[in-house]
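K.L.:
Got a structure here, written out as structure tokens. Questions coming.
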Amino acid sequence: MMTMNERLDIDEQAVAWVAKLLGGKTPDADKRAYTDWQATDARHAEASRDVEDLLASLDAAGEEALEAEMVREIEAYAEERKRRRVFTGISSIAAAFIAAVMVTITMWSPAPDAQYYQTNVGERTTVTLEDGSHVQLNTGTRIKTVMMDDERHVTIEGGEAFFDVTRDEDRPFIVTAGKSEVRVLGTQFSVRLGASSNVISVLSGLVSVAQHQNGDSDVKEVALLTAGQQVVHVPAINRAVVEDFDANAAFAWRAGKAFYRDTPLADVVTDLNRYFADPLEIADSKLASLPVSGTFNLNNQDVVIDALESAFSIVAVKRVDGVVLLYARQED
Amino acid sequence: MTDLLDEVAKRRNIKALERAIKEHHGVLVGWLTKKLGCAADAADIAQDVYVRVYKFAAVETIDNPQALLFKTAANLAINELKRRGRVLRRQVDADDENMTDTVEALPSEAPTPEEAIGHKQDISAMVAAIGQLPEKARAAFVKNRFEDKTYSDIARELGVSESTVEKYMMDALKRLRARLMRKPQAAVLPLPRKARRGKS
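These protein sequence lines map, in sequence, to chains S and H. The first sequence runs contiguously to residue 332 in my numbering. The second sequence runs contiguously to residue 532 in my numbering.
Structural data, given as structure tokens:
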């Protein structure tokens, strides 16, 4: 009779053999050795058959176990990413500071250095220029500043900015946005660079708006604005429309809000889309002219969408690619 | 239809899903890319995952959106690996006379209800036994048996030597054997065999 120890020994050997042979690149010699081992003793054959049967049963049960294992892998991967993100999170905060501090481009000529400031979509930041003027950048905005002895120059390369300019009679402050040139001594105003038109809105002081002609130095004044006035300047057709404006609405973005009064939804959507990575899209054309009034919080797109849904007959559906489709709610 | 979710529950489902998708999109695409070795396939499958969970959200209440996303991603990754022949399908291996066909597609002579129940219990006992293996033994076993990976593949993934992988496999087999085969001589928990179902 065999003892229990012998039996265990045989089982362990059978397991060891099977484990050896499952590796994928088993030499033929090992396979032969396994066959030989099985042949030397009926108990060997039985033990190896048991392990092989067990393995076959386990294989059949596999898919569920595989799925569970993969879910574990995803969870572990998510954990690892979270740890990494804490790290990159810190560095992106640092990067935001760096972006807001400055990128200095050293030029070969003795001309003063140009400095760039920019914000990403959804970001807002305020920078202080060397002369003490403050510039608040709205979402997705990039500006270039060149501070000379006799002039202060800012170029808006994209987006919108609010300027609080420190008065300096000897150094005019000049903002260029496309073909619009804004010239001030000291005042508060905003400039928004658009695709075809630029909007300059004045909160206080006096602002001269001019149009760049073909030559860079050739400028022609198109409007002189005082506090509470706004100009929509369309350089292509040499047109500048001056009108009074609602400062609460025009400057709401400075506090992270958007304010509309009887504004067609199509315009509201265009405006809101400046602030969010996932764009809104009107899916029902009849919604385009729907007048929208109200204040929206720009810090959270979900809140904006909730507000649209609850105040108007709108249903928002997020498409898989992130685009938020706006439908007219079916009334029943 | 009464058996469909009401609007409120549906909206709540969708909102929770959207949040979860936003939160986990990077994880899913990252993991799928790693698993499938192809960013384009990973993106496609992630989209497929979202389509499926959205459909699911229309008819079922979702308690744990993250779990649903991960499970769906795992499932679709398996399908993709299967399509590429990188997952073993031994359950349909017709050469093995001892084995039944796949659980879902039992052959013409269906098992008796008792057998079917026993079969299900066997499956879940085996899945549980695999799930309760020590971490490394489990990972090695699952990758080898169900993902068709060689010891050298696994060694690379786990960052250990091939002989260590073999040790993990031995450990796994020993534990599974001890747990699923209580008597040393006979398998307590084999799947129902054709013979036991009265086949000639």
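For glycine and all other residues, C-beta sits at the position ideal for the given N, C-alpha and C. Just so you know, these numbers come straight off a predicted model, no measurement behind them.
Go ahead and pull the three-state DSSP assignment for G294 of chain S.
P.N.:
Here G294 of chain S sits in strand by DSSP.
K.L.:
Whose C-beta lies closer than 6 Å to the C-beta of F402 of chain H among residues of the same chain, with five residues either side of it excluded?
P.N.:
Around F402 of chain H: no qualifying Cβ.
K.L.:
Is D267 of chain S buried or exposed, if buried means 16 or more other CB atoms sit within 10 Å of its CB?
P.N.:
D267 of chain S should be labelled exposed.
K.L.:
If you draw a straight line from the alpha carbon of A227 of chain S to that of L203 of chain S, how long is it in whole angstroms?
P.N.:
Straight-line Cα distance between these residues: approximately 5 Å.
K.L.:
Tell me where the alpha helix (DSSP H) around F245 of chain S begins and ends.
P.N.:
From DSSP, F245 of chain S is part of no alpha helix (DSSP H); its letter is neither H nor E.
K.L.:
Tell me whether the beta-carbon of M501 of chain H lies closer than 8 Å to the beta-carbon of N476 of chain H.
P.N.:
Cβ atoms of M501 of chain H and N476 of chain H: closer than 8 Å.
K.L.:
Quick check on DSSP: helix, strand or coil for N120 of chain S?
P.N.:
Coil, per DSSP.
K.L.:
Examine chain S for any beta-carbon lying closer than 8 Å to the beta-carbon of N407 of chain H, and answer yes or no.
P.N.:
Interface residue, yes.
K.L.:
Under 8 Å Cβ to Cβ from A14 of chain S, same chain only, skipping five residues before and after it: list those, please.
P.N.:
Excluding residues within five positions, the ones whose Cβ falls inside 8 Å are H44, A47, S48, D50 and V51.
K.L.:
Just the C-alpha distance for R384 of chain H and A348 of chain H, rounded to the nearest angstrom, thanks.
P.N.:
In a straight line, the C-alpha of R384 of chain H is about 15 Å away from that of A348 of chain H.
K.L.:
Under 6 Å Cβ to Cβ from F245 of chain S, same chain only, skipping five residues before and after it: list those, please.
P.N.:
Same-chain partners within the cutoff: S201 and Q230.
K.L.:
For A19 of chain S and E498 of chain H, which I take to be in contact (beta-carbon distance under 8 Å), what is that distance rounded to the nearest angstrom?
P.N.:
Their Cβ separation, rounded to whole angstroms, is 6 Å, which keeps A19 of chain S and E498 of chain H in contact under 8 Å.
K.L.:
Are the C-beta atoms of G362 of chain H and some chain S residue less than 8 Å apart?
P.N.:
At least one chain S Cβ lies under 8 Å of G362 of chain H.
K.L.:
On the criterion of 16 or more Cβ atoms from any shown chain inside 10 Å, does K481 of chain H qualify as buried, or is it exposed?
P.N.:
K481 of chain H comes out buried.
K.L.:
Look up Q464 of chain H in the DSSP assignment and say whether it is helix, strand or coil.
P.N.:
Residue state, collapsed to three classes: coil.
K.L.:
Helix, strand or coil, according to DSSP, for T270 of chain S in the structure here?
P.N.:
DSSP places T270 of chain S in helix when its eight states are reduced to three.
K.L.:
Taking contact to mean at least 3 C-beta pairs separated by less than 8 Å, is the region 282 to 289 of chain S in contact with the region 235 to 243 of chain S?
P.N.:
Contact between the region 282 to 289 of chain S and the region 235 to 243 of chain S is absent, because fewer than three Cβ pairs lie under 8 Å.
K.L.:
Return the CA-CA distance between L512 of chain H and G322 of chain S, expressed in angstroms with no decimal places.
P.N.:
Each residue's Cα considered, the two are about 48 Å apart.
K.L.:
Which chain H residues are close to V15 of chain S, counting only those with a beta carbon under 8 Å from its beta carbon?
P.N.:
Neighbours of V15 of chain S on chain H, chain order: M502, L505, K506 and R509.
K.L.:
Given a cut-off of 8 Å on the beta-carbon distance, is the pair A210 of chain S and V219 of chain S in contact?
P.N.:
Yes, these two residues count as a Cβ contact at 8 Å.
K.L.:
If you follow the alpha helix (DSSP H) that V304 of chain S is in, where does it begin and where does it stop?
P.N.:
First-last of the alpha helix (DSSP H) with V304 of chain S: Q301 to A311.
K.L.:
Which residues in the same chain have their Cβ closer than 8 Å to the Cβ of E73 of chain S, if we skip the five residues on either side of it in sequence?
P.N.:
Excluding sequence neighbours, E73 of chain S sits near nothing in its chain.
K.L.:
CA-CA distance, Y386 of chain H and I346 of chain H?
P.N.:
Using only the alpha carbons, I get a separation of about 7 Å.
K.L.:
DSSP on Y172 of chain S, reduced to helix/strand/coil?
P.N.:
One detail in the question is off: residue 172 of chain S reads as Pro in this sequence, not Tyr. In the structure shown, P172 of chain S sits in coil (DSSP, three-state: anything other than H, G, I, E or B).
K.L.:
With 16 as the cutoff for other CB atoms within 10 Å, does G358 of chain H come out buried or exposed?
P.N.:
G358 of chain H is exposed by the Cβ-count criterion.
K.L.:
Tell me, please, whether the CB atom of K468 of chain H is closer than 8 Å to any CB atom in chain S?
P.N.:
Chain S, which has no Cβ nearer than 8 Å to the Cβ of K468 of chain H, makes this no.
K.L.:
Going by DSSP, which residues form a beta bridge with R142 of chain S?
P.N.:
Paired residues: S:Q118 and S:G158.
K.L.:
Would you report the Cα separation of M107 of chain S and D170 of chain S, rounded to the nearest angstrom?
P.N.:
Because the pLDDT of M107 of chain S is 34, which lies under 50, any placement of that residue in the model is unreliable, and the question is left without a value.
K.L.:
Mind listing the chain H neighbours of A277 of chain S? Cutoff is C-beta to C-beta under 7 Å, in chain order.
P.N.:
Correct list: empty, because the minimum Cβ distance to chain H is about 10 Å.
K.L.:
Near T365 of chain H, what residues of its chain come up, given a Cβ to Cβ distance below 6 Å and the 5 sequence neighbours on each side ignored?
P.N.:
So the list reads A371 and A374, once near-sequence residues are dropped.
K.L.:
Jot down the residue ranges of each uninterrupted alpha helix (DSSP H) in the region 32 to 91 of chain S, minimum 4 residues, whole runs only, in chain order.
P.N.:
Complete alpha helix (DSSP H) runs here, min 4: 42 to 60.
K.L.:
Reducing DSSP to helix, strand and coil, say where V474 of chain H ends up.
P.N.:
V474 of chain H: helix per DSSP, three-state reduction.
K.L.:
So, helix, strand or coil for Y327 of chain S, using DSSP?
P.N.:
Reduced to three states, the DSSP call for Y327 of chain S is strand.
K.L.:
Please report how far the alpha carbon of T125 of chain S lies from the alpha carbon of G159 of chain S, in whole angstroms.
P.N.:
Going by the C-alpha atoms only, they are around 13 Å apart.
K.L.:
Residues bridged to L280 of chain S by DSSP?
P.N.:
Beta-bridge pairing links L280 of chain S to S:V324.
K.L.:
Can you confirm whether A471 of chain H, when its beta carbon is compared against all beta carbons of chain S, has any partner nearer than 8 Å?
P.N.:
Cβ-Cβ to chain S under 8 Å: yes for A471 of chain H.
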